[in-house]
Amino acid sequence: METYVDAIGEDTAATTMETAAKKKNDNKKLKVMVALDESKNSFDALEWAVQHLRDVISAEPETDQEGGLLTLVHVHPMYLQYIYPSGGTASAVYATDIVPEPVRKAREESTTKLFTRALEICRGRMVKTETMLLEGDPKEMICQAVEQTHVDLLVVGNRGLGMIKRAFLGSVSDYCAQHAKCPVLIVRPPGETSTKEHKNK
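Right, dumping it as structure tokens:
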């Protein structure tokens, strides 16, 4: 490649390459994952992501640049049914993960409604969206999904557990913030901060 030096001694070829590289980096598209459940807080997180991260996840059909990707992940907790043997003094307990048909159908309907509602939020914003359904411990499965799909950012809602519940149950957002292999953005419910500030006054 030829290099040209202009009248004031600037390497125009190098400057042009630096400008192009900077422009390319400025327009970099991201892979963002939003963890969803039936709670209002998770949908607040989705709304925030679609609104505030639109520029880095929206597709740009008029350019040759690859668009970003928004992954909506929902995790079904592992279903365990406990069977207690009848008769005598038997104390054995058996656990099975076979999901009964009515429970399976209810789960499917709930998941369909959840993803339909979420995709409606994304529609019309030029956001390339995929859905991911997993089963297991939500905290662990979300972190595994982050690692396997190499996302750039995980967005989760703040469940707002009290201190006692948080100590016993743990928090998906806390766990992900400590274990996910990417930056984690925890979205508080709208007005939560202002309400706390108002109470302190």
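Residue 579 is where the sequence shown starts when you use my numbering, and the numbers rise one by one after that. Backbone N, C-alpha and C fix where the C-beta goes; we use that ideal spot for every residue, glycine too.
8 Å Cβ shell around V765 - same chain, five flanking residues per side excluded: Position 187 of the sequence shown, counted from the start, is the residue given in the question as residue 765. The answer, listed in chain order, is N619, D622, A623, W626, A627, V733, V734, G735, N736.
CB contact check: K717 to chain C, cutoff 8 Å: No chain C is part of this structure, which consists of one protein chain only.
Buried versus exposed, by CB contacts within 10 Å (16 or more), H652: Within the sequence shown, the letter at position 74 stands for residue 652. With 16 or more Cβ atoms within 10 Å of its Cβ, H652 is classed as buried.
Inter-residue spacing [alpha-carbon to alpha-carbon] between M704 and D633: Position 126 of the sequence shown, counted from the start, is the residue given in the question as residue 704. Position 55 of the sequence shown, counted from the start, is the residue given in the question as residue 633. Rounded to whole angstroms, M704 to D633 spans 10 Å at the Cα level.
CA nearest to the CA of P655, picked from H757, L711, I635, L763: The count along the sequence shown starts at 1 and reaches residue 655 at position 77. Among H757, L711, I635, L763, the Cα nearest to that of P655 is on L711.
Range covered by the beta strand (DSSP E) that runs through K691: By 1-based counting over the sequence shown, the position of residue 691 is 113. Counted as a single uninterrupted DSSP element, the stretch harbouring K691 is not any beta strand (DSSP E) but the alpha helix (DSSP H) occupying residues 679-700.
DSSP three-state assignment for H757, whether helix, strand or coil: Counted from its first residue, the sequence shown places residue 757 at position 179. It is helical.
Residue interval of the alpha helix (DSSP H) (run including M719): Working through the sequence shown from its first residue, we reach residue 719 at position 141. Unbroken alpha helix (DSSP H) run through M719: 716-727.
Burial state of S751, where buried means 16 or more other Cβ atoms lie within 10 Å: The residue you call residue 751 lines up with position 173 of the sequence shown. It is buried - the Cβ of S751 has at least 16 other Cβ atoms within 10 Å.
Proximal residues to G769 (C-beta, below 7 Å), its chain only, five neighbours per side dropped: Indexing the sequence shown from 1 puts residue 769 at position 191. Here the set comprises nothing.
Simplified DSSP assignment, three categories, for E616: Mapped onto the sequence shown, residue 616 falls at position 38. In the three-state reduction of the DSSP assignment, E616 falls in the coil class, being assigned neither a helical nor a strand state.
Residue burial classification, G702 (beta-carbon count within 10 angstroms, cutoff 16): Translated into the one-based positions of the sequence shown, residue 702 becomes position 124. It counts as exposed.
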